[in-house]
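Protein chains in written order, with the numbering used here: chain F, 104 to 335; chain P, 104 to 335.
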């Protein structure tokens with residue numbers, strides 16, 4: 104049924120968003136004594152989105168956005184040594200060991216025995232390569248693609264590049280916006296496996312989601328049986 | 104003679120290092136009133152190299168290293184609004200239009216008529232993709248590879264991936280360390296076209312360079328004739 108099973112990485116194979124949420128909590132605590140207005144969290148998100156066009160995704164852009172937000176929310180009163188602490192938050196994020204999600208260590212090697220597997224991940228090349236190397240999963244993937252943005256056009260290019268029939272291509276991921284809807288749009292199959300938290304930027308409205316056909320599984324442990332049913 | 108002509112991008116096809124040098128000059132001027140010790144430039148380079156392991160190559164990592172250096176060289180006395188200026192330097196770098204080197208607009212389309220061309224560039228995915236798209240050269244390259252580091256192992260992987268015989272592979276680039284020596288090491292051909300300035304990190308000693316065999320051309324305009332002579 105499927106010539107290629109493709110997987111997203113962040114929040115699909117390993118934890119990622121929790122690291123950003125935890126760091127945001129440390130950032131809030133650091134800022135508290137210097138705040139000249141109320142902290143809502145919305146300012147950091149607004150800065151991140153505004154800066155996507157300059158920095159793209161990843162920890163370095165997030166760190167620069169934290170610094171900008173700190174300067175803004177304190178009316179530039181934050182001392183330089185606290186800004187160094189923010190840079191150190193970013194460095195700690197980079198060095199946080201990869202933490203695989205439940206079921207991943209069993210199902211990826213198992214599926215690799217019966218299918219070709221591909222990793223398609225979005226974000227910072229340096230950070231993604233570091234995590235992929237650390238994950239211990241490299242040997243199971245025939246192709247690894249790190250892309251700047253996951254759009255329908257990008258999936259179309261990848262399918263052409265690897266000479267894959269969309270009808271025989273399955274993508275598994277946690278983000279409706281990046282892993283599911285654009286794949287369905289180009290005629291591929293997609294399975295949504297939600298992560299415990301979703302970054303606001305990756306959310307889509309129910310209205311948009313309902314116009315697309317895809318499956319949803321509660322966790323990756325259910326994937327092998329789900330795929331097997333297509334054979335019968 | 105050659106099945107594939109591969110090109111580096113930064114400082115081979117378009118100007119890059121000059122942008123870093125110019126920004127470093129703006130950074131020095133900004134810091135001047137706050138300096139608690141003498142500015143030598145060596146501190147910024149030391150911070151960059153120390154941070155490579157955290158941030159990799161590119162403008163975002165460079166910007167974070169400028170901020171760290173500013174905090175260090177001013178004993179944390181630099182005001183936050185000056186740190187915002189440093190972030191703005193980084194943003195201005197990202198938005199600087201791509202400026203092709205001399206001869207590039209003629210020789211790349213011309214060589215593409217007789218050879219398969221490939222782009223192999225190191226650095227930040229987001230920044231490289233932006234520059235590649237802007238360059239107007241995309242259509243001439245059969246393959247575009249953005250990698251985190253250019254080592255012999257990486258070139259070996261690329262040659263295998265594209266089923267290329269190293270003996271029939273030619274790499275053209277400005278960095279002995281990244282474009283020339285590792286290619287010669289895996290049995291490929293390489294042409295060194297020096298750029299007007301070389302980042303200290305990309306320099307290699309004469310002793311190391313002399314152990315490798317490669318050609319050197321003064322500018323890219325000489326490349327078509329150089330390649331043509333291999334046919335006769």
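Glycine included, each C-beta is placed from N, C-alpha and C at the ideal position.
Where residue i sits in the DSSP three-state scheme
i                     : result
residue 141 (chain P) : coil
residue 225 (chain P) : strand
residue 274 (chain P) : strand
residue 110 (chain F) : strand
residue 293 (chain P) : strand
residue 321 (chain P) : coil
residue 248 (chain F) : strand
residue 220 (chain P) : strand
residue 203 (chain F) : strand
residue 174 (chain P) : helix
residue 308 (chain F) : coil
residue 191 (chain F) : helix
residue 127 (chain P) : helix
residue 182 (chain P) : coil
residue 268 (chain F) : coil
residue 299 (chain P) : coil
residue 164 (chain P) : helix
residue 233 (chain F) : helix
residue 150 (chain F) : helix
residue 198 (chain P) : helix
residue 390 (chain F) : No answer is possible for residue 390 (chain F): the residues shown for chain F start at 104 and end at 335.
residue 333 (chain P) : coil
residue 105 (chain P) : coil
residue 134 (chain P) : helix
residue 122 (chain P) : helix
Contact with chain F by residue i, beta-carbon distance below 7 Å
i                     : result
residue 201 (chain P) : no
residue 48 (chain P)  : Given a span of 104 to 335 for chain P in the structure shown, any question on residue 48 (chain P) remains unanswerable.
residue 165 (chain P) : no
residue 228 (chain P) : yes
residue 184 (chain P) : yes
residue 235 (chain P) : no
residue 174 (chain P) : yes
residue 171 (chain P) : yes
residue 253 (chain P) : no
residue 223 (chain P) : no
residue 179 (chain P) : yes
residue 330 (chain P) : no
residue 305 (chain P) : no
residue 194 (chain P) : yes
residue 283 (chain P) : no
residue 294 (chain P) : no
Residue i classed as buried or exposed, judged by whether at least 16 other C-beta atoms fall within 10 angstroms
i                     : result
residue 241 (chain P) : exposed
residue 207 (chain F) : buried
residue 135 (chain P) : exposed
residue 105 (chain P) : buried
residue 200 (chain F) : exposed
residue 114 (chain F) : buried
residue 303 (chain P) : exposed
residue 141 (chain P) : exposed
residue 112 (chain F) : buried
residue 209 (chain F) : exposed
residue 332 (chain F) : exposed
residue 251 (chain P) : buried
residue 306 (chain P) : exposed
residue 144 (chain F) : exposed
residue 124 (chain F) : exposed
residue 172 (chain P) : buried
Beta carbon proximity, residue i to chain P, threshold 7 Å
i                     : result
residue 187 (chain F) : yes
residue 247 (chain F) : no
residue 135 (chain F) : no
residue 288 (chain F) : no
residue 232 (chain F) : yes
residue 129 (chain F) : no
residue 211 (chain F) : no
Cross-strand partners of residue i (DSSP beta bridge)
i                     : result
residue 117 (chain F) : F:113 and F:203
task = Inspect the CB distances between the segment 217-232 of chain P and the segment 178-187 of chain P and report whether three or more fall short of 8 Å.
result = No, the segment 217-232 of chain P does not touch the segment 178-187 of chain P.
key: Contact between the segment 252-266 of chain P and the segment 286-301 of chain P (3+ Cβ pairs under 8 Å)   = Touching, yes, given that three or more Cβ pairs across the two stretches are closer than 8 Å.
ask   = Is the segment 192-203 of chain F close to the segment 158-166 of chain F, with three or more CB pairs under 8 Å?
value = A contact exists between the segment 192-203 of chain F and the segment 158-166 of chain F.
task = Please determine if the segment 125-139 of chain P and the segment 124-133 of chain F are in contact, where contact requires at least 3 C-beta pairs separated by less than 8 Å.
result = No, the segment 125-139 of chain P is not in contact with the segment 124-133 of chain F.
ask   = If contact means a Cβ-Cβ distance below 7 Å, which residues of the segment 150-164 of chain P contact chain A?
value = Reference to chain A is not applicable here, since the protein chains of this structure are F and P.
task = Give a yes or no on contact between the segment 270-287 of chain P and the segment 314-328 of chain P, applying the rule of three or more CB pairs nearer than 8 Å.
result = Yes: the two stretches touch, three or more of their Cβ pairs being nearer than 8 Å.
ask   = Do the segment 230-241 of chain F and the segment 138-157 of chain F meet, that is, are 3 or more Cβ pairs less than 8 Å apart?
value = Segments in contact, no.
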